[in-house]
Amino acid sequence: MTRHERDIGEILETLDVIAWDGPVLTNMSGSPVDALEDGKVLYLPRLGFGLSAGETRFLSPAMADAAAKNVSYHPPSDALKHALGSAEDLAAMKAMLRRYHEHALALVRLLLPQYADSLEIGRTSFRPAEIAGRRLSAKRDDTRLHVDAFPSAPTGGKRILRVFTNVNPDGKGRDWRLGERFEEVALAFSGKLPPYSRARARFLNTIGATKAFRTAYDHTMLNIHDRMKADDEYQRAAEQNAFSFPPGSTWIVYTDRVSHAAMAGQHLFEQTFYLPVKAMADPARAPLRILERVMGRALA
Ligand code: SIN
Ligand code: FE
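Going by my numbering, the first residue of the sequence shown is number 13, and it counts up by one from there.
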């Protein structure tokens with residue numbers, strides 16, 4: 013079976029931005045928010061994140077605890093997790109992540125001004141480990157195409173918007189695969205799901221296994237996520253494009269809608285934001301609404 017690709021212009025929208033607070037040069041026909049909500053990746057090939065001479069020592073997998081692999085920072089509480097080093101190292105790593113967070117926030121405010129009042133701040137991550145060749149169970153293996161959905165962190169339908177920047181110092185790209193449209197994913201994977209149970213969702217929330225109540229939407233997305241990753245034939249044969257994001261580039265993507273897989277690469281920064289569906293320019297394009305149309309019932 014031949015594997016189909018799309019024209020890469022249908023998947024990536026390129027914007028020329030060289031500073032986190034602008035200006036933006038673009039010859040795109042619509043607005044950045046329109047492209048993003050439509051399931052495209054906003055690609056900023058010349059927007060890098062500069063590390064100071066002192067910070068380049070953090071470009072080592074030894075800076076993150078082996079089980080977690082990523083250093084994680086929570087801007088609202090100023091808490092750093094999974095980082096290893098002296099007190100001085102930890103303070104400097106925190107400042108580095110904080111700076112990435114501030115840049116990413118300035119960028120989304122610049123490009124997506126209509127979201128400014130509604131964006132919720134999620135975690136900032138620094139990913140200093142090589143991702144190729146890791147041994148993980150299918151569910152945890154991000155080298156398999158998937159849409160983001162997390163067992164312990166239900167969103168209730170809120171959008172997951174992520175900013176990524178490759179800071180690899182050796183010229184190594186972040187090699188992704190980008191899969192078919194969410195409408196197709198929904199058609200392929202939303203049938204015959206295990207039944208949703210509110211009682212079980214309440215139980216999981218009560219014992220602290222989930223950080224919030226797992227809605228029917230979260231249950232559906234989690235099952236789609238797991239089924240996509242478990243399906244070897246789908247992984248091989250589904251429509252997909254390979255794209256390598258070079259060092260010194262940034263990209264913005266709704267990872268709850270865009271099917272993606274990260275195949276190889278080392279040294280990445282990432283900032284997560286959440287956006288309520290009603291704050292979208294066109295809420296009908298949320299995975300929640302797409303799934304409701306495909307499945308013919310309310311999920312939230
Ligand atoms: C993912 O979101 O699946 C992984 C992205 C990456 O680390 O490049
Ligand atoms: Fe992902």
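We put the CB at the ideal spot given by N, CA and C, even for glycine.
Contact test: residue i Cβ vs the ligand FE heavy atom, cutoff 7 Å
| i | result |
| --- | --- |
| residue 154 | yes |
| residue 86 | no |
| residue 230 | no |
| residue 187 | no |
Start and end residues, beta strand (DSSP E) containing residue i
| i | result |
| --- | --- |
| residue 173 | 171-178 |
| residue 253 | 252-257 |
| residue 132 | 132-139 |
| residue 25 | 24-26 |
| residue 262 | 262-266 |
| residue 107 | From DSSP, residue 107 is part of no beta strand (DSSP E) but of the alpha helix (DSSP H) over 99-123. |
| residue 55 | 53-56 |
As assigned by DSSP and simplified to three states, the class of residue i
| i | result |
| --- | --- |
| residue 275 | strand |
| residue 289 | helix |
| residue 199 | helix |
| residue 167 | coil |
| residue 187 | strand |
| residue 85 | strand |
| residue 222 | coil |
| residue 282 | strand |
| residue 45 | helix |
| residue 128 | coil |
| residue 241 | helix |
| residue 92 | strand |
Near the ligand SIN: residue i beta-carbon under 7 Å from a heavy atom
| i | result |
| --- | --- |
| residue 109 | no |
| residue 277 | yes |
| residue 274 | yes |
| residue 160 | yes |
The ligand GTP heavy atom lying under 7 Å from the CB of residue i
| i | result |
| --- | --- |
| residue 267 | No copy of the ligand GTP appears in this structure; the ligands present are the ligand SIN and the ligand FE. |
Run of the alpha helix (DSSP H) containing residue i, from where it starts to where it stops
| i | result |
| --- | --- |
| residue 158 | Run containing residue 158: none; DSSP gives neither H nor E here. |
| residue 38 | Segment: none, residue 38 is in no alpha helix (DSSP H) and carries neither H nor E. |
| residue 249 | 244-249 |
| residue 303 | 299-307 |
Distance between residue j and residue i (C-alpha atoms, nearest Å)
| i | j | result |
| --- | --- | --- |
| residue 197 | residue 125 | 29 Å |
| residue 269 | residue 49 | 9 Å |
| residue 113 | residue 103 | 15 Å |
| residue 161 | residue 40 | 30 Å |
| residue 203 | residue 147 | 30 Å |
| residue 97 | residue 80 | 15 Å |
| residue 119 | residue 88 | 18 Å |
| residue 70 | residue 63 | 10 Å |
| residue 258 | residue 143 | 15 Å |
| residue 45 | residue 123 | 7 Å |
| residue 298 | residue 153 | 25 Å |
| residue 132 | residue 86 | 12 Å |
| residue 215 | residue 20 | 44 Å |
| residue 60 | residue 78 | 27 Å |
| residue 110 | residue 181 | 20 Å |
The stretch 287-297 in contact with the stretch 206-213 per 3-pair CB rule at 8 Å: no
Three CB pairs or more closer than 8 Å across the stretch 48-63 and the stretch 26-40: yes
Three or more C-beta pairs below 8 Å linking the stretch 300-307 and the stretch 74-94: no
Cβ pair count under 8 Å reaching 3, the stretch 180-192 against the stretch 274-291: yes
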